[in-house]
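Order-wise, the sequence lines are chains A and B.
One point on numbering: in this note's numbering, the residue at position 151 of the first sequence is 143, and numbering is uninterrupted.
One point on numbering: in this note's numbering, the residue at position 129 of the second sequence is 222, and numbering is uninterrupted.
Scroll down for the structure; my scribbles are underneath it.
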Amino acid sequence: MNFLLPAHNLEKWLKRLAAWAKIFYSFTENGKAHTIRYNPDNFISPDFKNIRTAENIKHFFFPSRGVVARFPTVLDLRPEPIVIMGVKNCDLRGVDVFDRVFLHWQPVDDLYKIRRENTIIISSDCPEPMETCFCNFVGLKPYPEGIADLNITLVKSGYLIEVFSKRGEDLVHADSDLFEEVKDGFVDEREDTRRRALERLDGINKNRINDKIPGLVEKASKNKIRDARDDCVECFSCLHCCPTCYCFLLSDYKRGDDIERIRTWDACYYAAYARVGGGANPRSRIDERFWNRFQCKFNYFYQYERIFACSGCGRCFSGCSAKIDIREVLSKL
Amino acid sequence: MNPYAPKLTKIKKIIEETPTIRTFVLEGKPIEFEAGQFAELTVPGVGEAPFTPSSSPYAPDLEFTIMKVGRVTRALFELKEGEIIGVRGPFGKPYPLNDFKKKDVFIVGGGVGFAPLRSLFLALIENIKEYKKIYIRYGARTPKDIVYKYLIPGWQKIKNVDILLTVDVGDEEWKGRVGVVTTILDEIPVDVKTTPAIVCGPPLMMKFTTQRLVEAGFKDSNIYLSMEKNMSCGIGKCNHCRVGKFYVCKDGPVLTWKDVKDIEDPFL
Ligand SMILES: Cc1cc2nc3c(=O)[nH]c(=O)nc-3n(C[C@H](O)[C@H](O)[C@H](O)COP(=O)(O)OP(=O)(O)OC[C@H]3O[C@@H](n4cnc5c(N)ncnc54)[C@H](O)[C@@H]3O)c2cc1C
Ligand code: SF4
Ligand code: SF4
Ligand code: FES
């Protein structure tokens, strides 16, 4: 189901949505896409053409530090409704991975569930993939095909909106005066943009090894993966900026008469990550941990779910001091 | 139900097993479990660590036998009878007791590794007629380090139970075997083709015991190993406990040698 949001109606729509939800959307600053909170008094135009934002979407469902339990008083979490606009398909892979781990795998993580249920995701196409993009390498397209509630494609007359979920449909119906019927030609225009985006992405990542990755990673000689670590300066920004990494650590703090159990993002590259009581450590060396990360993303997770725990977003090497490109590591296997 | 929130209860009794190992008996029975499953214990304000109950799943009380090794266990040893403690669980898979029926069961433990094995043993003797004979082979560093000393003589009197102990280093009073636990695995009085072997102990002990059992002819899929890995969530989400593709908290904590033999240093 498709609708057209004429360009001049976007700001009106944002204003209406802001009456009941916090709105976040993507905009561009110095060529880079970022996420910003909608502020009617200081309106900055959204940009849905750019690639994924520098910020990683998991913050919304899985804050870098958050209370997951309180006792003896029971934790009562009531998140506010949120609408995020301009989410790219690679970040939807992040959401997909988190949904599988925190909603589908038992037991359900109620904290994730309640945040997820209160967040509406409006995704958008990537008409112009960049050098760092390799969603096609991990089985994705540079445009969403689901997971979000609505999707936006830029067309000449405005925003072509595709409905993915009931929630998304309700959202359009609630403000139906802002939307128009889709005319012939809009969908063709979208197909055209998408074809060009795919071609561009193919040019960027010529050697697509998609289906073979799990087998290659499983059988890879450890040295081949380990060699890549030589340049690593151990800042581990690659893991904290990754939308598909879901490792965390629980720790307890006293707060008044209560104890709060805090969940913080963790990363498998930290030396203490796998250390056990008394000090023994199965992955005491960084090369073991490097190896483990590749197995986790491209072999083990694939074995469970038949998708990679990698989205092709390229954040890990965009932010890497040593510019270790995960594509290069994989292609050398 | 919030899977991260512990149930709070009190410590009913503390039993001093050895200078570094204590058994904590909890009040009420905050969780039900089957032998082999584990729980996360919370020391209020300090944090959590995973432990396997050492009591029978059929018993009215819940007990844990714990060695003092680091931050959380040190804080646990500071707690007194009557103080508050938190429990989250049960987690992981139980021992497949149905597969053990009509067979001998060969249990090998080292040090505080007797804790989960005691729970298994007590569950087995609850229905002892279902099994052929239950063997326990247990090693501790010195006679002082043997846990459940006050219970073992009673267990040795049970028909179809065969218990053999050894210590690495003896003392004047010790009349039993001396040597690491593998030295009492030279004689294996069971049919190795069909018997399950259940092993729990420190990493080196696990490694050499497994080697010995494989040499003796036990099937890889019949060697059950308690994997001690770093844990945080206990519910298969945080990733800390992973060994190969397995989540020890969800697929384990007991895995078979068949599961882990291709993993480099699985016991480290
Ligand atoms: C399934 C299972 C069952 C077990 N059953 C038993 C049992 O029945 N009896 C028994 O005695 N032991 C048992 N153990 C071992 C027991 O869990 C460890 O001895 C215990 O976790 C040690 O905790 P500690 O804090 O005292 O030790 P530490 O050595 O201080 O810490 C243990 C781990 O926690 C990490 N850590 C320490 N401090 C922090 C911090 N501030 N923040 C984040 N991480 C930190 C360390 O890196 C280390 O990896 C079992 C283990 C498992 C996995
Ligand atoms: S990786 Fe693909 S989906 Fe992500 S921003 Fe680039 S083109 Fe878009
Ligand atoms: S591993 Fe790198 S490219 Fe893959 S999802 Fe994480 S940050 Fe993006
Ligand atoms: S302890 Fe968190 S995944 Fe196993």
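Glycine included, C-beta positions come from ideal geometry on N, C-alpha and C.
From the listed residues Pro143/B, Asp154/B and Pro150/B, the smallest Cα separation to Lys161/B is found for Pro143/B. Of all C-beta pairs linking the segment 343 to 352 of chain B to the segment 308 to 324 of chain B, three or more are shorter than 8 Å, placing the two stretches in contact. Under the 10 Å beta carbon count, Gln130/B is surrounded by 16 or more other beta carbons and is classified as buried. DSSP places Gly247/B inside the alpha helix (DSSP H), whose first and last residues are Ile245 to Gln249. Taken in chain order, the complete beta strand (DSSP E) segments of 3 residues or longer contained in the segment 226 to 281 of chain B are 227 to 233 and 254 to 260. When rounded, the separation of the alpha-carbon atoms in Pro206/A and Phe286/A is 10 Å.
The closest heavy atom of ligand 1 lies less than 7 Å from the beta carbon of Asn323/B.
A check of alpha carbon separations from Tyr262/A across Leu231/A, Lys148/A, Gly270/A and Pro134/A identifies Leu231/A as the nearest. Close to chain A, meaning a Cβ-Cβ distance shorter than 8 Å, are the following residues of the segment 134 to 146 of chain B: Thr135, Pro137, Gly138, Val139, Gly140, Glu141 and Ala142. Thr166/B belongs to the set of residues whose beta carbon lies under 8 Å from a beta carbon in chain A. With respect to the 8 Å criterion, Gly86/A and Arg255/A are not classified as neighbours on the basis of their beta carbons.
For Cys334/B, the secondary structure class from DSSP, reduced to helix, strand or coil, is coil.
Judged by DSSP secondary structure, Gly195/A falls within the alpha helix (DSSP H) whose first and last residues are Phe178 to Ile196.
When secondary structure is reduced to three states using DSSP, Phe126/A falls in the coil class, being assigned neither helix nor strand.
Secondary structure at Leu325/A: coil, using DSSP grouped into helix, strand and coil. Inclusion of Cys118/A and Lys148/A in the CB contact set at 8 Å is not warranted, their separation being larger than that value. A straight line joining the alpha-carbon of Val341/B with that of Ile217/A spans about 25 Å.
For Trp12/A, there is no enclosing beta strand (DSSP E), since its DSSP letter is neither H nor E.
Interface criterion met: the Cβ of Val268/A is under 8 Å from a Cβ in chain B. Cys293/B: member of the beta strand (DSSP E) spanning Ala290 to Cys293, first to last residue. The Cβ atoms of Asp197/B and Lys222/B do not sit closer than 8 Å to each other.
Apart from sequence neighbours up to five positions away, the residues of its chain that approach Pro123/B with a beta-carbon distance below 6 Å are Lys100, Thr102 and Val180, ordered along the chain. Listed as beta-bridge partners of Lys106/B by DSSP are Val118/B. When rounded, the separation of the alpha-carbon atoms in Gly150/A and Pro121/A is 20 Å. Val60/A is a Cβ neighbour of Arg253/A, given a cutoff of 8 Å. The beta-bridge partner set that DSSP reports for Pro146/B consists of Phe157/B. Within chain A, no C-beta atom comes less than 9 Å from the C-beta of Cys293/B; the nearest is roughly 14 Å away. Secondary structure of Asp169/A (DSSP, three-state): helix. If the five residues before and after Asp317/A are omitted, its C-beta is found closer than 6 Å to the C-beta atoms of Phe309, all from its own chain and listed in chain order. Residue side-chain check: Val147/A keeps its Cβ at 7 Å or more from all non-hydrogen atoms of ligand 1.
When the Cα atoms are used, Ser147/B and Leu213/B turn out to be separated by approximately 8 Å. In this structure, Leu170/A places its C-beta atom within 8 Å of the C-beta atom of Asn1/A.
Secondary structure at Asn34/A: helix, using DSSP grouped into helix, strand and coil. Rounded to whole angstroms, the separation of the alpha carbons of Cys305/A and Arg44/A is 7 Å. Residues of chain A with a Cβ closer than 9 Å to the Cβ of Glu127/B do not exist; the shortest Cβ-Cβ separation is about 17 Å.
For the pair Val240/B and Glu120/B, the CB atoms are not nearer than the 8 Å cut-off.
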